[in-house]
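Colleague: This is the structure, below, for whatever I ask next.
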Amino acid sequence: MKKISFLVLTAALVIGLTGCGAKDSGAGGTKVKFATDAAYAPMEYMDKDKMTGFDVDFLAEVMKEAGLSYELTNTGWDTMLTSVKQGKEYQGGISSVSITDERKQSYDYSIPYFESTNMILVKEGSPIKSATDLKDKKVAVQISTTADTLMSKIMGDKNPSLKRLDNNTLALMELESNGVDAVVADIAIVREYVKNNPNKKLVAIPDPKNFESEYYGILLPKGSELKAKLDPAIKKVIENGAYAKVYKKWFGQEPDTKKLLEQK
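In my numbering, the protein residues as written are 1023 to 1286.
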């Protein structure tokens, strides 16, 4: 997506980005290491050999504000979750990670920095109009995401028609090849895919009744001291206009920062 084919798999590619001009991290001069899953355009994705996206630009602003040097590595989703939980190789993760009560049992989070919701993607002519229409259909989701959780409740956790795949790229490939009737994923991913693939005749369906708003946070190990440094930096970036500039770059509109700052 964005000037590259969303369907190009980059699972084997691991790229590091280092914050430029940042000050000492306050941890013996070492860089703060963040993991991500760069297969989530327009939030984080690979443009040839370069990692880019909203989260990438947002993190750069936060770390500059916090005065911390850092490194961002494309590890993949499952590796990110596991390694951040352990807190050894990576001290944080940023990859459109929704804040949920279940995840809070295993992780800490920064304050929220992005409002999102899930959305349904189908082909033109599909009878599907809402999440409840998916009960008897074949649906693809990315495993261990909120889309997975939502559809497990609607379709049943053991339903063989619910295909849990390693990433949204594979989910979208399933829809293209008629392996599933629909994909459920974050609104930014669905809208970006529709925008960049006008000839594929796809329809994005919002369902606020069944898919409530959710908020992304930077994922941290339990008891992380980094939270005390990131939270005020995130708040400042949202308040000083830097956040709005990054948001408008990637989504073409102004964010509702008032609503975002009301979240805890």
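Yeah, the Cβ is synthetic: ideal placement off N, Cα and C, and Gly gets one too. Quick caveat, the model's predicted, so the values are computed rather than measured.
1. Do the CB positions of N1140 and A1162 come within less than 8 angstroms of each other?
2. Please determine if the segment 1122-1140 and the segment 1204-1224 are in contact, where contact requires at least 3 C-beta pairs separated by less than 8 angstroms.
3. With a threshold of 6 angstroms on Cβ separation, who are the neighbours of D1203 within its own chain once the five nearest residues in sequence on each side are excluded?
4. E1093 to V1268, Cα distance in whole Å?
5. Around the Cβ of E1284, are there at least 16 other Cβ atoms within 10 angstroms (buried) or fewer (exposed)?
6. Starting from L1248, follow the beta strand (DSSP E) in both directions and report where the run begins and ends.
7. Can you tell me the Cβ-Cβ gap for P1134 and Y1265, rounded? I've got them flagged as a contact below 8 angstroms.
8. Roughly how many angstroms lie between the CA atoms of K1270 and I1176, to the nearest whole one?
9. Which same chain residues end up closer than 6 angstroms to A1060 when comparing Cβ atoms and leaving out the 5 residues on each side of it in sequence?
10. Span of the alpha helix (DSSP H) holding L1192?
11. Return the residue from the list N1189, D1188, L1156, N1190 that minimises the CA-CA distance to S1174.
12. Give the straight-line distance between the Cα atoms of P1254 and I1260, rounded to the nearest whole angstrom.
13. Please confirm whether T1058 and G1115 have their CB atoms less than 8 angstroms apart.
14. Locate the alpha helix (DSSP H) running through I1211, then write down its first and last residues.
15. Ordered along the chain, which non-local residues of its own chain (more than five positions away) have a Cβ less than 8 angstroms from that of K1257?
16. Would you kindly work out how many angstroms separate the C-alpha atoms of E1198 and L1143, rounded to a whole number?
17. To the nearest angstrom, how far is it from the Cα of T1167 to the Cα of A1063?
18. When burial is assigned at 16 or more other CB atoms within 10 Å of the CB, is N1263 buried or exposed?
19. In the DSSP assignment, what are the bridge partners of R1008?
20. State the DSSP-derived secondary structure class of A1255, mapped to helix, strand or coil.
Modeller: Reading it off the structure:
1. Taking the sequence shown and counting its residues from 1, one reaches residue 1140 at position 118. Taking the sequence shown and counting its residues from 1, one reaches residue 1162 at position 140. Their beta carbons are not under 8 angstroms apart, which means N1140 does not touch A1162 by this criterion.
2. yes
3. Mapped onto the sequence shown, residue 1203 falls at position 181. These residues qualify, in order along the chain: K1159, K1160.
4. Against the sequence shown, residue 1093 aligns to sequence position 71. Against the sequence shown, residue 1268 aligns to sequence position 246. E1093 and V1268: Cα-Cα distance of roughly 19 angstroms.
5. Reading the sequence shown from its first residue, position 262 is the one you call residue 1284. By the neighbour-count rule (16 or more Cβ atoms within 10 Å), E1284 is not buried but exposed.
6. Translated into the one-based positions of the sequence shown, residue 1248 becomes position 226. Counting along the chain, L1248 falls outside any beta strand (DSSP E), and DSSP gives it neither H nor E.
7. Here residue 1134 is taken as the residue at index 112 of the sequence shown, counted from 1. Here residue 1265 is taken as the residue at index 243 of the sequence shown, counted from 1. That belief does not hold up - the Cβ atoms of P1134 and Y1265 are roughly 12 angstroms apart, past 8 angstroms.
8. Mapped onto the sequence shown, residue 1270 falls at position 248. Mapped onto the sequence shown, residue 1176 falls at position 154. Going by the C-alpha atoms only, they are around 34 angstroms apart.
9. In the sequence shown, counting from the first residue as 1, residue 1060 sits at position 38. Closer than 6 angstroms at the Cβ level, and outside the excluded window around A1060, lie E1066, Y1067, M1068, M1073, N1096.
10. In the sequence shown, residue 1192 corresponds to position 170, counting from 1. Here the alpha helix (DSSP H) through L1192 covers 1190-1198.
11. Counting from 1 along the sequence shown, the entry for residue 1174 is found at position 152. Closest option to S1174, Cα to Cα, is L1156.
12. Numbered from 1 along the sequence shown, position 232 holds the residue referred to as residue 1254. Numbered from 1 along the sequence shown, position 238 holds the residue referred to as residue 1260. Cα to Cα, the separation comes out at about 10 angstroms.
13. Position 36 of the sequence shown, counted from the start, is the residue given in the question as residue 1058. Position 93 of the sequence shown, counted from the start, is the residue given in the question as residue 1115. Going by C-beta atoms, T1058 is nearer than 8 angstroms to G1115.
14. Indexing the sequence shown from 1 puts residue 1211 at position 189. Note, I1211: alpha helix (DSSP H), 1209-1218.
15. Taking the sequence shown and counting its residues from 1, the one referred to as residue 1257 is at position 235. Around K1257: I1133, L1283.
16. One-based indexing of the sequence shown puts residue 1198 at position 176. One-based indexing of the sequence shown puts residue 1143 at position 121. Between E1198 and L1143, the C-alpha separation is close to 11 angstroms.
17. Taking the sequence shown and counting its residues from 1, one reaches residue 1167 at position 145. Taking the sequence shown and counting its residues from 1, one reaches residue 1063 at position 41. Whole-angstrom Cα-Cα distance: 16 angstroms.
18. Working through the sequence shown from its first residue, we reach residue 1263 at position 241. Before going further, note that residue 1263 is Gly rather than Asn in the sequence given. Answer is exposed; the Cβ neighbour count stays below 16.
19. Here the chain has residues from 1023 to 1286 only, and residue 1008 is not among them.
20. For the purposes of this step, residue 1255 is taken as residue 233 along the sequence shown, with counting starting at 1. Three-state DSSP puts A1255 in a helix.
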